[in-house]
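As you go down the protein sequences, you meet chains G and F in turn. If you read the first sequence in our numbering, its first letter stands for residue 540, the second for the next number, and so on. If you read the second sequence in our numbering, its first letter stands for residue 16, the second for the next number, and so on. No residue lacks a Cβ here, since even glycine has one placed at the ideal position from N, Cα and C. Nothing here was measured: the structure is a model prediction, and the numbers come from that model. Here is the structure we will look at, set down as structure tokens.
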Amino acid sequence: MSVDARPALVEEEVLIARAYLGRVAEPGSLAVAEMIEECGPVESARLIRADDVPDEVRSATEARRASSDGRADLEAGSRNGVRLLVPESPDWPHFAFAPLYRAQQLRLTAWTAGALAGRYGGEPTVPLGLWVAGRLSVAELGLRSVAVVGARAATAYGEHCAAEFGYGLAREDVTVVSGGAFGIDIAAHRGALAADGPTVLVSAGGLDRPYPAAHRTLFDHVRESGLLVSESPPGAAPHRQRFLSRNRIIAALSAGTVVVEAAPRSGALNTAAHCRLLGRPLMAVPGPITSAMSAGCHALLRQEMEPARLVTSVADVIEEVGRLGAGRDPVDGRASSEDADAGPAGSGLASAEARRRTYDALDPGARRVLDGLPARGWVSEDGLAIRSGIALPEVLRAIPVLRMSGLLESGPAGHRLVRPARSRPG
Amino acid sequence: MPMARTFAATLVGVRGYPVEVEADLSDGLPGLTFTGLPDTTVVEARDRVRAAMVNAGASWPNRRITLALLPADVRKAGSRFDLAVAVAILAADGAIPVSALAGVGWIGELGLDGRIRSVRGVLPAVMALARAGIERVVVPVANAAEAALVPGIDVRGVSELRGLIGWLRGESPAVARFVADPTSAAGHPDSGGGLDLNEVVGQATARRALEVCAAGSHHIFMSGSPGAGKTMLAQRLPGILPALDDEQALEVTAVHSVAGALADGGALVRTPPFQAPHHTASMAALVGGGSGLARAGAISLAHRGVLFLDEAPEFQPAALDALRQPIESGHVVLHRSGGAVVYPARFLLVLAANPCACGAPRDRDCVCPASARRRYQHRLSGPLRDRIDIRVDVEPVTRADLMGAVAPGESSAAVGERVTAARAAARERWRDYGWATNADALGRVIRSRRWRPDRWALDPVERALDHGLLSARGYDRVLRLAWTVADLAGHPVPDAGDVGEALFYRTGRAAVAA
């Protein structure tokens, strides 16, 4: 597909063709993907329906070749508020799927062996289309998002960690991506929702049938404030292959994947494998060594080839994934990883650079109050209000903010400016 | 056989209960026997009533007199039954018509000369009689105004037994029904004791904190050197609180009446009470207790008002700890072998302390080591400090302030108006939950999606949690304070500024997690 010459709107016949193709072929069929690459979706659909296809395409599409032409699916979708996003759409997340596209183009031999296809749920191809519903902008998925995945049979510890991570990441405006399953997935989604933050749920079945059914309310909440995504058309039931293939979507739509808890043969390890194949940071949360549900994570941490990175906090995750956007306040008061002059923890403002960044990040009211502090010595709240000429309520509300930014310190005698540390020689 | 029956009332805590008084005269050794678990004072009535009757011109029946105070299994205490006893005996003896007793309640103590003297707790006693369907009460003159506070009851005030007997026999003109003086019955809605907030020089932060405290009923801790003005500020808090409504006024008047603390004239207490027990006060004086039937403590006398504990760390730790339960529940239960007594105790707590035991006039003059300061501050137990929503430092007044360099602060009336408006907004908001102030709101509800401020407003608090400046419990408290700050500003929902200011009040200058 050519990235630069995109039509402003997707033609209806393209949508219908892609809907048909999505129903006819199982996700992860390299042969079908290549055919579409060569002939385009509309022509490919015609050829498949006419059975005028090479053998490898036929074997992938034989069973459902005669199904409806895709209009029914589109209509079912629009009845449920679900739309089909296709590579021809202006908001298709090309960036997120770029590695898959590359792998598809290169026909990397390890995968075409097919033996691994079963383990990965099909070859790592770009999705033919994605059914989506919800508020979030799809185009930016993958830029500032992290997948939080893990076992269905999670322990209370695992669920706690997943919820905390979901919450903490959402508070940092990082989109939380997961699969909506029992255990770790739903805990992560709930954590993000509790922080009024964005979350993406990638479902294995059609979006009109929440799976598991018990999570219907969760699906509704995510649809309201986040995004529901599925490769399966409306009405499709989720079966094992689709669970595995949707994991590659989860991994692709995020800048990194965190495995919170996993048994040695957990499906979450499949997502971890996709993450590594995509070349993105893989992270794992440790647990008690006596716990079977952490054994999978520990194995990921120990493996010789590109082991997962150990994370214990949201700050760790953000550090691993790298600069997810510029100009953010340091999490937990620690300087961000690129601040070379950072002092010991807690004195992250040792460098003038960090101080200036923090100062710039203040709201105007707090900045005015800071500017009103005397250069030396303590001052009471009343005194500060009089000195700076700012109304007392504004002074009061700025004080905790300035304290937390490390620019002001408080004591029994009042408040005073924190002097920058003198730069050390050498 | 000659017998008479009439009504009186007894008190258990702040609640009154009707008591039937029966007198029976029979043959046998002359004497007066009480039944119905009388305490010593009641039994002593035998001698009081006898002397009073004789000195009032009546004769003491030389019979065996049995006096029953029913229900027989409830303890009776005090001298309040004297009048009922005398009247019952007189009626049984035929000295006054039995019909004069029907449907009437009698309350009063008798002096040996026949004087009818005032007693405590007339208001709850009369309320109890009214509830029992009694339509007329006869009380000492000094208690008549108080008795008349009970709506719909016919009150007759009497001053001596001789005149009463004459009235009941029809020989003297009847004692007229007591009519309350309208001005005194309405009470005095102005600020307490003529103290005004504009008398406080400077202290803008502390005055603002006091306003927030009053508007949301948040407990407050003031830290400052001696002479900084903490007491002055605390004394002016009742003046900015809204006046008591009818129900609250009756409650408070009842408590004060029972404690014997009502001003003469028996007017309804309309202004929030102010109690400032000294730090040497015993647990019983503070919380209530004492031997026999438990008496109200300072916390109950401060019901619907302000309890000011100056030099808080100097109080007995056990006494301070005993405050925790009433702060949570709004009442105190005092257990005695005879039963439990419940006193109301819903008060606004104001704690004041010096920053250090040395009591230096200015904080910078204090040279004590940090550990000594910390030890002094920790004499207030963690759980008690945790229930304090607002912490404010009160600085000594600067010379510039004293010499009038700063404009004088607002008057109590002006601040009081804002407080009343803010409280009205809060009451309206929590109407469905039945809460009166933001401080009453349950944490679970305040944190729920419906009432939670949006995430931009919450950001300062979230960061405070991250930085360890605030504990999870403190989080709830800051949310409640934020609603109060928003109410004072007239905001429908707290914004980031309101939340930020609330965060300041909860954390103050302290380094430890709030």
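Report all residues from its chain with a CB closer than 6 angstroms to the CB of residue i; omit the five preceding and five following residues, and keep chain order.
i	result
P737 of chain G	L675, T714, G765
C814 of chain G	A790, T796, L821
C381 of chain F	C371, C373, A375
N453 of chain F	G231, A441, R495, W498, T499
E329 of chain F	H294
A720 of chain G	R691
S583 of chain G	M574, I575
A823 of chain G	V798, C836, L839, L840, A847
Cβ of residue i less than 9 angstroms from any chain G Cβ?
i	result
Q218 of chain F	yes
R310 of chain F	no
L518 of chain F	yes
A479 of chain F	yes
H482 of chain F	yes
V460 of chain F	no
D469 of chain F	yes
D513 of chain F	yes
A525 of chain F	yes
E266 of chain F	no
R488 of chain F	no
Apart from the five residues just before and just after residue i, which ones in its own chain have a Cβ nearer than 7 angstroms to its Cβ?
i	result
A776 of chain G	G744
D513 of chain F	A497, V500, A501, A504, H506
A537 of chain F	The structure shown does not extend to residue 537 of chain F, since chain F is modelled only from 16 to 529, so the question has no answer here.
L26 of chain F	G136, P139, A140, V273
P17 of chain F	L40, A107, D108, G109
Among the options, which residue has its Cα nearest to the Cα of residue i?
i	options	result
A556 of chain G	G:L569, G:G567, G:G681, G:C578	G:C578
E763 of chain G	G:L821, G:L740, G:P751, G:S771	G:L740
V479 of chain F	G:V761, G:R936, G:E858	Val is not the amino acid found at residue 479 of chain F; the sequence shown has Ala there. Residue G:R936 is the option with its Cα nearest to A479 of chain F.
G120 of chain F	F:A101, F:A110, F:D108, F:G126	F:A101
P566 of chain G	G:H837, G:P827, G:R779	G:R779
A160 of chain F	F:R351, F:L283, F:P332	F:L283
A195 of chain F	F:D260, F:A189, F:A157	F:A157
G181 of chain F	F:F362, F:A385, F:A71	F:A71
P825 of chain G	G:E845, G:L849, G:D759, G:W670	G:L849
L265 of chain F	F:V216, F:H318, F:Q250	F:H318
Kindly give me the distance between the Cβ atoms of residue i and residue j, rounded to whole angstroms, as I take these residues to be in contact under 8 angstroms.
i	j	result
A309 of chain F	L349 of chain F	4 angstroms
A60 of chain F	S94 of chain F	7 angstroms
V508 of chain F	A229 of chain F	No, V508 of chain F and A229 of chain F are not in contact; Cβ-Cβ is about 22 angstroms, not under 8 angstroms.
A731 of chain G	Y706 of chain G	7 angstroms
E175 of chain F	I131 of chain F	6 angstroms
D54 of chain F	A92 of chain F	4 angstroms
Nearest chain F C-beta to residue i closer than 9 angstroms, yes or no?
i	result
E617 of chain G	Reading the sequence as shown, one finds Ser at residue 617 of chain G and not Glu. It does not: the Cβ of S617 of chain G has no partner Cβ on chain F nearer than 9 angstroms.
S1002 of chain G	Coverage of chain G is limited to positions 540 through 965, which leaves residue 1002 of chain G absent and any answer about it impossible.
V967 of chain G	Since the displayed chain G opens at 540 and closes at 965, residue 967 of chain G lies outside it and no answer follows.
A734 of chain G	yes
S949 of chain G	yes
P932 of chain G	yes
A556 of chain G	no
M943 of chain G	yes
R867 of chain G	Caution is warranted here: a pLDDT of 39 is assigned to R867 of chain G, below 50, making its placement in the model unreliable, and the coordinate value is therefore given only provisionally. False, the Cβ-Cβ gap to chain F never drops below 9 angstroms.
L935 of chain G	yes
A690 of chain G	no
A776 of chain G	no
H954 of chain G	yes
Does any residue of chain A bring its CB to less than 9 angstroms from the CB of residue i?
i	result
F236 of chain F	The displayed structure is made up of protein chains G and F, and chain A is not among them.
Starting from the C-beta of residue i, find all residues in its chain whose C-beta is less than 8 angstroms away, skip the five residues before and the five after it, and write them out in chain order.
i	result
S315 of chain F	V29, V270, A274, G303, V347, Y358, P359, A360
Across the stretch 232-247 of chain F and the stretch 134-153 of chain F, are there enough close Cβ pairs to call them in contact, namely three or more that are closer than 8 angstroms? They do not touch, by the three-pair rule.
For the stretch 124-135 of chain F and the stretch 105-115 of chain F, state whether three or more C-beta atom pairs, one from each stretch, are separated by less than 8 angstroms. With a cut-off of 8 angstroms, the stretch 105-115 of chain F and the stretch 124-135 of chain F do not count as touching, because too few Cβ pairs lie within range.
The stretch 483-490 of chain F touching the stretch 742-759 of chain G, judged by at least three CB pairs closer than 8 angstroms: Too few Cβ pairs lie closer than 8 angstroms, so no.
Is there contact here, the stretch 513-522 of chain F with the stretch 399-410 of chain F, by at least three beta-carbon pairs under 8 angstroms? For the pair of segments examined, the stretch 513-522 of chain F was found to touch the stretch 399-410 of chain F: the number of CB pairs separated by less than 8 angstroms reaches three.
For the stretch 906-923 of chain G and the stretch 212-223 of chain F, state whether three or more C-beta atom pairs, one from each stretch, are separated by less than 8 angstroms. Taking one beta carbon from each stretch, the stretch 906-923 of chain G and the stretch 212-223 of chain F have 3 or more pairs nearer than 8 angstroms; the two touch.
Contact between the stretch 799-809 of chain G and the stretch 680-690 of chain G (3+ Cβ pairs under 8 angstroms): Here the stretch 799-809 of chain G lies against the stretch 680-690 of chain G, with 3 or more beta-carbon pairs under 8 angstroms apart.
On the three-pair Cβ rule with 8 angstroms, is the stretch 361-369 of chain F touching the stretch 392-403 of chain F? Contact between the stretch 361-369 of chain F and the stretch 392-403 of chain F is present: three or more C-beta pairs spanning the two stretches fall below 8 angstroms.
Count Cβ pairs between the stretch 78-98 of chain F and the stretch 31-39 of chain F that sit closer than 8 angstroms; are there 3 or more? Per the Cβ contact rule, the stretch 78-98 of chain F is in contact with the stretch 31-39 of chain F (3 or more Cβ pairs under 8 angstroms).
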